[in-house]
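Working notes for the structure below.
In this note's numbering, the protein residues as written are 10 to 148.
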């Protein structure tokens, strides 16, 4: 048992140590989310960049590629500091759900370009992750 003169100091050190443990847990969670958002960024940059670079595509398709690439930059910014920049993910959710809603009927009817279904599946999974992140922060 601690000497009475040092009991308060030990108590403060114990509280700080517990705070560090919680902080380390939060840092680990943030690190996991950072990688998730960097993956979303890479996904969008690759998909959007490919669409933008397709000089044979109509200009409207290339504009979509540019916007997808731009959202990739947004996800990379979120990856740098998820708690701070996370709320902008609501725009990504709207965009990704919109793309899925607009293109899924053509995928199901077999009218979409090859690979579109896989891209929509990726968008749906990232949307789910964004929702888990945003709704989990509210607890």
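Just so it is clear, CB atoms sit at the ideal spot from N, CA and C, and this is done for glycine as well.
- Residue 86 places its beta carbon 8 Å or farther from that of residue 80.
- Between residue 58 and residue 78, the beta carbon gap of about 5 Å places them in contact (Cβ cut-off 8 Å).
- Residue nearest to residue 104 within the set 61, 136 and 118 is 136 (criterion: CA-CA distance).
- Listed in chain order, the alpha helix (DSSP H) elements of length 4 or more contained wholly in the region 78 to 127 are 91 to 94 and 98 to 117.
- When only Cα atoms are considered, residue 73 and residue 99 end up about 19 Å apart.
- For residue 132, the closest C-alpha among the options 142, 123, 114 and 110 is that of 110.
- When C-alpha distances from residue 66 are compared across 141, 134, 138 and 122, the shortest belongs to 122.
- For the pair residue 127 and residue 39, the Cα-to-Cα distance works out to about 28 Å.
- Put simply, of 134, 143, 146 and 124 the residue whose alpha carbon is nearest the alpha carbon of residue 60 is 124.
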